[in-house]
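All residue numbers in the sequence shown are consecutive under our numbering, ending with 432.
Glycine included, every Cβ here is placed at the ideal spot set by N, Cα and C.
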Amino acid sequence: MTVVGDSQDQGRRAGTRPPIGQGAILLAGSCLPILGSVLLAPVLPRMAEAFATTAGVSVLVPIVLTAPALMIGLLAPVAGRLVDAAGRKRVLLVALVLYALFGTAPLYLDSLGAIVASRVGVGICEAAIMTACTTLLADLFDGTARDRWFARQTIATTLAATVFFGLGGALGAVSWRAPFVLYVSSLVIAVLVAVFVRNTGRTPAAALPPVPWRLIAVPCAVTLFGGIVFYTPIAELSLVLASVGVTSTATIGLLSAIASLATAAGGFTFGRVARRGTAVLLPIALGLAGVGLVVMGVSPAVPVIAVGAVIASAGTGLLLPTLLTWALSGLGFAERGRGTGMWTAAMFIGQFFCPLVILAASAPLGTLSAAVLALGVLAAVGAGFAPLIVRRWAARLA
């Protein structure tokens, strides 16, 4: 196999240690896909008003928000192959520049259809950015250091979501176009990547080994379900609160922010307990998420719902880096980009389908809260089977 450039293993043999600054830059890059998913939520009503005469506006405006996530889910595996074959840093730099181009396009586009098309472009870039940043973190760090950086990635993206939501609302008060200005921030990150992030190498396409399905299939299947569980407290908390009579946006925002901090706390905890392994942490994470969702769904009392959201979010904060570490644990340098792409696709497809799954379950079960409760029960059952699944996966590799 031909590997061009410096690999992680080559760097360690040379006695080098990747500086913390490279990891921090990659964390900033990892936050950009979150920018795409939450920044625009506060301005959707104003955008709908601006394009009120456009046919299909009620469908097209929500797609402005969801199209990037769908593109990540569909194209992250393709991005993973590019990352392996063309090089992580090269793909990341190109994606960061194009991200600014597509992201700021709605500042001057006057057609809603053209804006939707630009959002598709944003999603394609986000697939490459997320895959390249995560793969570079896995290249540059190993062992407990890698675990901690994956935990920091969860913390950073969670806190960024809270900040971006507030920025979107503040800028949206000026104009529905104003939040799109923030997409130019990717150019700053591109410069930092170009100057400070080490090129870890690539494997020419002709020399790429086959996709290691026996290593990645089971973690990705669990991650698909994990994506649904992860996104439920984020997407459904406001709706659950509304269903029990909470109408104050300030109250909903406060409780959502508290739950978001619990997600960050779960990610922080992973960095301290990662050595216990997936077989221990996966059932704990799914169990916490399941219990929290059950509590959210079982009571009409707002304080109880809030407690449930905090428990569930703490579990999902632990769940995300646990699944990522598991998925990448058996992959070598030449396989890591594609493995990261498949994992990223599974996570974002799960998140994309989360509202649809909850909506579909609400009809036969009668209420939204009942659907959240049912998902919590499934997560708790999954926690019981998780150790067996992990052990059987490990046994196949022996």
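Closest by C-alpha distance to residue i, when choosing among the options
i	options	result
Gly305	Ala58, Arg182 and Ala113	Arg182
Ser209	Ala151, Arg232 and Leu141	Leu141
Leu135	Cys159, Ala395 and Val95	Cys159
Ile59	Leu99, Ala86 and Ala190	Ala190
Arg426	Val406, Val278, Pro253 and Thr196	Pro253
Ser363	Val336, Ile345 and Ala428	Ala428
Leu393	Thr350, Ile292 and Leu273	Leu273
Ala62	Phe184, Ala75, Ala86 and Ala89	Phe184
Phe264	Pro96, Gly202, Ile383 and Ala82	Ile383
Gln56	Thr138, Gly203, Phe175 and Ile318	Phe175
Leu226	Pro334, Ala408 and Lys123	Lys123
Phe386	Ala361, Ala207, Ile97 and Ile339	Ile97
Val197	Val411, Ala361, Ile68 and Ala417	Ile68
Ala368	Thr100, Gly137 and Asp173	Asp173
Ala417	Leu399, Gly400, Pro337 and Leu315	Leu315
Leu284	Gly200, Ala148 and Met105	Residue identity differs from the one stated: residue 284 is Ala in this sequence, not Leu. Of the candidates Gly200, Ala148 and Met105, the one whose C-alpha sits nearest the C-alpha of Ala284 is Gly200.
Pro334	Val280, Gly300, Pro355 and Ala296	Val280
Met81	Leu143, Ile423 and Pro421	Leu143
Val336	Ser219, Leu171, Ser403 and Arg232	Ser403
Leu295	Val215, Gly349 and Leu412	Gly349
Nearest-angstrom Cβ-Cβ length linking residue i and residue j, presumed shorter than 8 angstroms
i	j	result
Pro102	Val150	The Cβ separation is near 11 angstroms, so there is no contact.
Ala22	Thr192	In this structure the chain extends from 35 to 432, so residue 22 is not present and cannot be described.
Val72	Ala195	5 angstroms
Thr378	Ala110	4 angstroms
Ala308	Thr178	7 angstroms
Ser64	Met164	6 angstroms
Leu74	Tyr133	Not really, about 15 angstroms apart at Cβ, beyond 8 angstroms.
Arg248	Arg430	6 angstroms
Ile339	Val278	7 angstroms
Cβ neighbours of residue i in the same chain (closer than 6 angstroms, five flanking residues each side left out)
i	result
Leu357	Thr257 and Gly260
Leu205	Ala212 and Pro213
Val125	Leu116, Val117, Ala162 and Ala166
Pro389	Ala269
Leu94	Leu146 and Val150
Trp360	Pro253 and Thr312
Ala346	Pro267, Ala323, Gly326 and Leu327
Gly371	Gly114, Val117, Asp118 and Thr169
Gly121	Arg236
Tyr217	Ala134, Gly137 and Thr138
Thr88	Leu146
Cβ neighbour criterion (16 or more within 10 Å) applied to residue i
i	result
Arg186	buried
Thr36	Because Thr36 sits at a pLDDT of 41, beneath the cut-off of 50, its placement in the model cannot be relied upon, and the point is left open.
Thr374	buried
Ser145	exposed
Ser290	buried
Arg419	At residue 419 the sequence reads Phe, which differs from the Arg that was named. Exposed, since its Cβ has fewer than 16 Cβ neighbours within 10 Å.
Val415	exposed
Gly483	In the structure displayed, the chain extends from 35 to 432; residue 483 sits before or after that span and is not available.
Ser282	exposed
Ile54	exposed
Thr50	Legend: pLDDT at Thr50 = 48, less than 50; position of this residue unreliable, no value from coordinates given.
Ala228	exposed
Leu320	buried
Ala395	buried
Arg440	This structure does not reach residue 440, given that the chain is present from 35 up to 432, and the question cannot be answered.
Val222	exposed
Phe230	exposed
Gly301	buried
Leu422	exposed
Ala239	exposed
Leu288	exposed
Ser355	Inspection of the sequence shows that residue 355 is occupied by Pro rather than by Ser. Buried, because 16 or more other Cβ atoms sit within 10 Å of the Cβ of Pro355.
Thr188	buried
Ala48	Here Ala48 scores only 34 on pLDDT, less than 50, and its place in the model is too uncertain to base an answer on.
Proximal residues to residue i (C-beta, below 7 angstroms), its chain only, five neighbours per side dropped
i	result
Val341	Val329
Val77	Gly202, Gly206, Trp210 and Pro213
Val406	Thr266, Glu270, Val274, Leu327, Met330, Gly331 and Ile392
Ala224	Leu127, Leu130 and Val131
Leu365	Pro246, Leu249 and Gly373
Gly107	Ala379, Phe382, Ile383 and Phe386
Ala293	Pro267, Leu271, Ala343, Val344 and Ser347
Residues of its chain near residue i, where Cβ-Cβ distance is below 8 angstroms and the 5 sequence neighbours each way are ignored
i	result
Val112	Ala161 and Gly375
Ala276	Ile286
Ala148	Ala139
Ala255	Ala380
Ile262	Gly384, Gln385, Phe387, Cys388, Val391 and Leu409
Closer than 8 angstroms to chain D by CB, residue i
i	result
Thr281	Considering every chain present, this structure includes no chain D. It has just one protein chain.
Q: Can you check the segment 346-421 for any alpha helix (DSSP H) of at least 4 residues that lies completely inside it and give the ranges in chain order?
A: 367-399
Q. Where in the segment 271-299 do unbroken runs of the beta strand (DSSP E), each at least 3 residues long, occur, reported from the N-terminal end onward?
A. none
Q: Ignoring anything shorter than 4 residues or poking outside the segment 207-238, list the alpha helix (DSSP H) runs there in chain order.
A: 219-230
Q | Complete alpha helix (DSSP H) runs within the segment 78-104 (minimum length 4 residues, chain order) | A | Counting only runs of 4 or more, we get 78-84.
Q: With a floor of 4 residues, list each alpha helix (DSSP H) that falls wholly inside the segment 133-213, ordered by position along the chain.
A: 146-174 and 177-206
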